[in-house]
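In what follows, a structure is listed as structure tokens, so that the remarks can point back to it.
In full-length UniProt numbering, the protein residues as written are 1 to 205.
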């Protein structure tokens, strides 16, 4: 499937067939998220795959949306809040990979130091927003790869974060950002209404 076709075909699916999702497909979804770009290559997104009947049954107590635990697989997409502290290491890796050639960030200099300092001195709210933005890119990669594999997904944020975190047994450094129920679609929704391109394109200058 071409990328454009996946973008055009993707839908939020809220009804799934009971068929199991092959393990290699699950691996491919996580791989799609792993390959997503992130600011300073921080790669802050972490995943927990929920697929056992027992775990999905317990998930019912965490969300008012019954289609979420009904899906054969649910991917809990999380951010590692401590990953912001690895900015310096990631910058070094990017330099070694020659990602910054012909830019001021290629060398250890004032521009590079200033960039590192802006990341490392973010307050907690700004840091979480920044990491969440990067995780969103990874989640979108997963939803498009799911479409490519003939699977459906739905980005869900209507859940009790503390209950999900307890269910997953995660420590304080991780925050659950979204749940992605995954499975073979048992519905074929029409394209949702979208604003006309003239409404979203403000100007060309």
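Don't be surprised by glycine CBs; every beta carbon is placed ideally from N, CA and C. The structure presented is a predicted model; accordingly, all values stated were derived computationally and were not measured.
Check                                                                                                                                                                     : Outcome
For residue 139, name the three-state secondary structure that DSSP assigns.                                                                                              : helix
Out of 145, 9 and 198, point me to the one whose CA is closest to residue 180's CA.                                                                                       : 145
State the Cα-Cα distance for the pair residue 92 and residue 98, rounded to the nearest angstrom.                                                                         : 10 Å
Based on Cα-Cα distance, which residue from 66, 128, 100 and 95 lies nearest to residue 83?                                                                               : 128
Would you mind listing the beta strand (DSSP E) stretches within the segment 123-197 that are 3+ residues and don't spill past its ends, in chain order?                  : 174-183
According to DSSP, is residue 73 part of a helix, a strand, or is it coil?                                                                                                : strand
Should residue 43 go down as buried or exposed, given a rule of 16 or more other Cβ atoms within 10 Å for buried?                                                         : buried
Any idea which residues DSSP pairs residue 78 with across the strands?                                                                                                    : 46 and 176
Which residues does DSSP pair with residue 12 in a beta bridge?                                                                                                           : 153
Do you know offhand how far residue 40's Cα is from residue 200's?                                                                                                        : 28 Å
Could you give the C-beta distance for residue 13 and residue 187, rounded to a whole number, given that I count them as a contact under 8 Å?                             : 6 Å
So what's residue 37 in DSSP terms, helix, strand or just coil?                                                                                                           : coil
Among 2, 22, 8 and 7, which one has its Cα closest to the Cα of residue 183?                                                                                              : 22
Which word fits residue 27, buried or exposed, when buried means at least 16 other C-beta atoms lie within 10 angstroms of its C-beta?                                    : exposed
Three-state secondary structure (DSSP) at residue 104?                                                                                                                    : helix
Does DSSP put residue 6 in a helix, a strand or coil?                                                                                                                     : helix
Return the chain-ordered list of same chain residues with a C-beta closer than 7 Å to the C-beta of residue 36, the five sequence neighbours on each side being excluded. : 137, 138 and 141
Tell whether a beta-carbon distance below 8 Å holds between residue 135 and residue 94.                                                                                   : no
Checking 8 Å against the spacing of the C-beta atoms, do residue 173 and residue 63 come in under that value?                                                             : no
From this set, 90, 59 and 122, which residue's C-alpha is nearest residue 75's C-alpha?                                                                                   : 59
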